[in-house]
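*Asks:* Heads up: the sequence shown runs through residues -20 to -1, 1 to 507, numbered per mature numbering (1 follows the signal peptide of the UniProt record, and there is no 0). Starting off with a structure, shown below.
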Amino acid sequence: MKKSLLLFSFLLLLISQAIAQDVPPVKTSKSSAIKLQFPTEPGWNVLKEGQQLEFEVQASGGTGTAFRYSIKQGKVDGMVFDSLGYFSWTPSYDFVDRLSGGRVLQVIFEARNEKDESASQVVDFKVEHVNRPPVVGELKPLYVRYNTQNTYTIESAAVQDEDEDPIVFVAIADGMPEGAKLSAQGEFTWKPSLTQFNRLRNKPILVEFYVEDQPAKARTKGAFKVEVTQQDLPPTLQMIPSQKRFVYKEDATLNIKFQIYDPNGEADIASFSFISTNTTVPASALVKNTPSQYEFIWRPGYDFVRDPLDSVAFEMTFFVLDKSNKRDERTVSITILNAINEGEKDQKLYNEYRASLVRAWDLMEQLKETEKDLKKKYNRARKGKKGRSLANASMGAVTGIAPVVIDEPATSKKITTIGGTTVMTIGTLEATEVIGRSTKDLVERLNYIIEKRNELQTKGDVFARKYALKSSRRKPEFLKDVDDFVAVMNLKGLVALELDASWKNKSKASDENISKTFKDFGYESQN
């Protein structure tokens, strides 16, 4: 019997263990904080000017599943970061000052899920300066004469260094004619021999040279044509920059330089002008510097491109004529893009910003005066306890004794005898309770004014600091914060405060006075 019981118990134990193994374990999970994942290879955040950086940010953790990505702070022009986490940026060549060699840019990336959980991370991008070699544009030809020291100066307007480095000219020995010299300042001198002159008459030559920037010594090769002068040669027109298409936004300045060269001298230049397919381009945009040098300076206003157009394209032909009507010309295509008047928009936002703080400052000044006045009244009431009034009131019928008043100037005490047997002492505060309204109103008004003034000071400081820069005022939440800030100034219980509606501020609402109240107030609309 015992053996049967033991065997039965053993079978039950085996069955219970098997059932326990079939039951899936209960998993406990705890959502972790959101984390942003960036590239991990060394030096991934170090790049050079003109070098494109691309990577993808991924977020993990939190209780949500879908994330939206954005740059919270530090975004610059040309930087792209979409809501899916794809980042792309190519720093411009003027991003780093040439003397500093490098620049660190801090960017705050943020990820937010559908449950409004978010995380942010600061990334430092180190951008290294890239030295660009000089740029040599189109150079006018040199027309030489026989038995004459011919001098040719390479125009500084045609040779530029985009990094604004100092430049020098270096001669290429193989490309220089015999007897010619080229100085470091770009002055070419040559007195050709008869043999050289005759060869040049049959075949013009090309003089090559280097333009070298300092101190990096990056070089660019340039060249100008040398040929024999002839009688009544046509003028040549050089345009800087020498491109055929220009695209500008409204309110941007278009500047094109022109150099006219006539082998017969400047006196042979008859006229220089332009023809435009758009008649609104003013003739005054063409400025004459010298008889052989002109500039086209034009700044189309914000009303140049009329809505609903996105752009206006047209062609312009610049031409030069000599006295024998020989000519040279350059035709360019110009496109003006419709643009938003950022300056006007920023000024309107600044006016909203300043008007809100002026209103707050004005109310603060009134509250200060009211608080000061209430404190005076309260202090006078407290001092009034020293001058007590003694009233002798009869508990029965009032006696016929005439009142006796004793004045003591030193103590300002007044004792009035009415008659009867009961004497009651009433101070000014106590008398207020008996005769007029409750002193609690006085204290409540004072406390409420102090409370609202402190609240207005705190929120005004935050508002002034948060939107001191025009970049922050461009954000969509600015106007909402303006409404919230103005709502703070709608004091409830205005009747109880007994503020004078006709009160006028004695101080002027200057930037200095506003900044004394709100320390972080931005003075200028250009901030």
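Just so it is clear, CB atoms sit at the ideal spot from N, CA and C, and this is done for glycine as well. This structure is a prediction, so every number in the text was calculated from the model and none was measured.
Looking at the structure shown, is Gly440 part of a helix, part of a strand, or coil, going by DSSP?
*Replies:* By 1-based counting over the sequence shown, the position of residue 440 is 460. It is helical.
*Asks:* Evaluate contact between the stretch 35 to 52 and the stretch 123 to 137, counting only Cβ atoms and requiring at least three cross-stretch pairs below 8 Å.
*Replies:* Output reads no: the stretch 123 to 137 does not touch the stretch 35 to 52.
*Asks:* Compute the distance between the beta-carbons of Ser291 and Phe443, then report whether it is under 8 Å.
*Replies:* Counting from 1 along the sequence shown, the entry for residue 291 is found at position 311. Counting from 1 along the sequence shown, the entry for residue 443 is found at position 463. The answer is no: Cβ separation not under 8 Å.
*Asks:* Can you list, in chain order, the residues of its chain with a C-beta nearer than 6 Å to that of Gln101? Leave out the 5 residues immediately preceding and following it.
*Replies:* Within the sequence shown, numbered from 1, the residue matching residue 101 stands at position 121. Counting only Cβ-Cβ distances below 6 Å, and skipping sequence neighbours, we find Leu16, Phe89.
*Asks:* Whose C-beta lies closer than 8 Å to the C-beta of Arg78 among residues of the same chain, with five residues either side of it excluded?
*Replies:* As a first step, residue 78 is located in the sequence shown; it is residue number 98 there, counting from the start. Excluding positions up to five away in sequence, the list reads His109, Asn111, Asp143, Glu144, Asp145.
*Asks:* Between which two residues does the alpha helix (DSSP H) holding Asp302 run?
*Replies:* Residue numbering aside, residue 302 sits at position 322 when the sequence shown is read from its first letter. Unbroken run through Asp302 is the beta strand (DSSP E), 291 to 302; no alpha helix (DSSP H).
*Asks:* What three-state label does DSSP hand Trp170 in the structure shown?
*Replies:* Sequence index remark: in the sequence shown, residue 170 carries index 190 (1-based). Correct three-state label for Trp170: strand.
*Asks:* What residue from Gln140, Lys95, Phe498, Arg92 has the CA that sits closest to Asp342's CA?
*Replies:* The residue you call residue 342 lines up with position 362 of the sequence shown. For the residues Gln140, Lys95, Phe498, Arg92, the minimum Cα distance to Asp342 belongs to Phe498.
*Asks:* Leaving aside the five residues before and after Ala250 along the sequence, list all residues of the same chain whose C-beta is less than 6 Å from its C-beta, in chain order.
*Replies:* Position 270 of the sequence shown, counted from the first residue, corresponds to residue 250. Only Leu301, Asp302, Lys303 meet the Cβ criterion.
*Asks:* Taking only the alpha-carbon atoms, compute the straight-line gap between Gln86 and Val103 and give it to the nearest angstrom.
*Replies:* Residue 86 sits at position 106 when you count from the first residue of the sequence shown. Residue 103 sits at position 123 when you count from the first residue of the sequence shown. Using only the alpha carbons, I get a separation of about 6 Å.
*Asks:* When you compare only the Cα positions, how much space is there between Thr297 and Val312?
*Replies:* Numbered from 1 along the sequence shown, position 317 holds the residue referred to as residue 297. Numbered from 1 along the sequence shown, position 332 holds the residue referred to as residue 312. Distance between the alpha carbons of Thr297 and Val312 is about 6 Å.
*Asks:* Can you tell me whether Pro456 is buried or exposed, with buried defined as 16 or more other CB within 10 angstroms of its CB?
*Replies:* Here residue 456 refers to the residue found at position 476 when the sequence shown is read from its first residue. Classification of Pro456: exposed, given that the 10 Å Cβ count is below 16.
*Asks:* What residue does the alpha helix (DSSP H) around Ala196 start on, and which one ends it?
*Replies:* If you number the sequence shown from 1, residue 196 lands on position 216. Run containing Ala196: none; DSSP gives neither H nor E here.
*Asks:* Leaving out five residues on either side along the sequence, give the residues of the same chain with a beta carbon under 6 Å from the beta carbon of Glu332.
*Replies:* The sequence position of residue 332 within the sequence shown is 352, counting from 1. The residues are Val462.
*Asks:* For the beta strand (DSSP E) containing Glu34, list its first residue and its last residue.
*Replies:* The residue labelled residue 34 in the question sits at position 54 within the sequence shown. Element bounds for Glu34: 33 to 36.
*Asks:* Relative to the alpha-carbon of Phe168, which residue among Lys183, Phe189, Leu174 has its alpha-carbon at the smallest distance?
*Replies:* Locating residue 168 in the sequence shown gives position 188, counting from the first residue. Looking at the Cα atoms, Phe189 is the closest of the given residues.
*Asks:* Return the first residue and the last residue of the beta strand (DSSP E) that Ile494 is part of.
*Replies:* The sequence position of residue 494 within the sequence shown is 514, counting from 1. Where Ile494 is concerned, there is no enclosing beta strand (DSSP E), although the alpha helix (DSSP H) it sits in stretches over 491 to 497.
*Asks:* Nearest to Ser487 by alpha carbon, out of Met344, Asp464, Asp441?
*Replies:* The residue you call residue 487 lines up with position 507 of the sequence shown. Nearest option by C-alpha distance: Met344.
*Asks:* Helix, strand or coil for Gln165 per DSSP?
*Replies:* Numbered from 1 along the sequence shown, position 185 holds the residue referred to as residue 165. It is coil, neither helix nor strand.
*Asks:* Does the beta-carbon distance from Leu217 to Phe238 come in below 8 Å?
*Replies:* The residue labelled residue 217 in the question sits at position 237 within the sequence shown. The residue labelled residue 238 in the question sits at position 258 within the sequence shown. Yes, the Cβ-Cβ distance between Leu217 and Phe238 is below 8 Å.
*Asks:* What residues in its chain sit with their C-beta under 6 Å from that of Thr200, if we drop five residues either side in the sequence?
*Replies:* Here residue 200 corresponds to residue number 220 of the sequence shown, with the count starting at 1. Pro113, Pro114, Val116, Val191, listed in sequence order.
*Asks:* Reducing DSSP to helix, strand and coil, say where Arg433 ends up.
*Replies:* Residue numbering aside, residue 433 sits at position 453 when the sequence shown is read from its first letter. In this structure, Arg433 counts as helix in the three-state DSSP scheme.
*Asks:* Work out the CA separation of Gln210 and Asp231 for me, nearest whole Å.
*Replies:* Along the sequence shown, one-based indexing puts residue 231 at 251. Along the sequence shown, one-based indexing puts residue 210 at 230. Taking the straight line joining both Cα atoms gives about 45 Å.
*Asks:* For a minimum of 3 consecutive residues, which ranges assigned as the beta strand (DSSP E) are wholly contained in the stretch 24 to 112?
*Replies:* Listed in chain order, they are 26 to 28, 33 to 36, 38 to 40, 47 to 53, 66 to 69, 82 to 93, 98 to 108.
*Asks:* Within a Cβ cutoff of 6 Å, which residues of the same chain sit near Phe299, ignoring the five residues on either side of it in sequence?
*Replies:* Within the sequence shown, the letter at position 319 stands for residue 299. Only Arg307, Glu309 meet the Cβ criterion.
*Asks:* Do Leu347 and Lys432 have their CB atoms nearer than 8 Å?
*Replies:* Numbered from 1 along the sequence shown, position 367 holds the residue referred to as residue 347. Numbered from 1 along the sequence shown, position 452 holds the residue referred to as residue 432. A contact, by the Cβ cut-off of 8 Å.
*Asks:* Taking only the alpha-carbon atoms, compute the straight-line gap between Val267 and Glu275 and give it to the nearest angstrom.
*Replies:* Translated into positions along the sequence shown, residue 267 becomes position 287. Translated into positions along the sequence shown, residue 275 becomes position 295. So the alpha carbons of these two residues sit roughly 5 Å apart.
*Asks:* Using DSSP's beta-bridge definition, name the partner residues of Met219.
*Replies:* The sequence position of residue 219 within the sequence shown is 239, counting from 1. Paired residue(s): Phe238.
*Asks:* Look at the alpha carbon of Lys161 and the alpha carbon of Ile134, and state the distance between them as a whole number of angstroms.
*Replies:* For the purposes of this step, residue 161 is identified with residue 181 of the sequence shown, where counting begins at 1. For the purposes of this step, residue 134 is identified with residue 154 of the sequence shown, where counting begins at 1. C-alpha separation (whole angstroms): 13 Å.
*Asks:* On the criterion of 16 or more Cβ atoms from any shown chain inside 10 Å, does Thr350 qualify as buried, or is it exposed?
*Replies:* Within the sequence shown, numbered from 1, the residue matching residue 350 stands at position 370. Thr350 is buried by the Cβ-count criterion.
*Asks:* To which residues does DSSP link Lys229 through a beta bridge?
*Replies:* Sequence index remark: in the sequence shown, residue 229 carries index 249 (1-based). According to DSSP, Lys229 bridges with Leu317.
*Asks:* Am I right that Phe47 and Ala91 are in contact with their C-beta atoms under 8 Å? What's the rounded C-beta distance?
*Replies:* Within the sequence shown, numbered from 1, the residue matching residue 47 stands at position 67. Within the sequence shown, numbered from 1, the residue matching residue 91 stands at position 111. Correct: roughly 5 Å between the Cβ atoms.
*Asks:* Using a 10 Å radius around the Cβ and a threshold of 16 neighbouring Cβ atoms, would you call Leu329 buried or exposed?
*Replies:* Along the sequence shown, one-based indexing puts residue 329 at 349. Burial call: buried.
*Asks:* With DSSP run on the structure shown, which of helix, strand or coil describes Asn258?
*Replies:* The residue you call residue 258 lines up with position 278 of the sequence shown. Correct three-state label for Asn258: coil.
*Asks:* Is it true that the CB of Pro215 sits closer than 8 Å to the CB of Ile240?
*Replies:* For the purposes of this step, residue 240 is taken as the residue at position 260 of the sequence shown. For the purposes of this step, residue 215 is taken as the residue at position 235 of the sequence shown. Yes; because the gap between Cβ atoms is below 8 Å, this pair is in contact.
*Asks:* Just the C-alpha distance for Asn269 and Met219, rounded to the nearest angstrom, thanks.
*Replies:* Start at 1 with the first residue of the sequence shown, and residue 269 comes out as number 289. Start at 1 with the first residue of the sequence shown, and residue 219 comes out as number 239. Cα to Cα, the separation comes out at about 15 Å.
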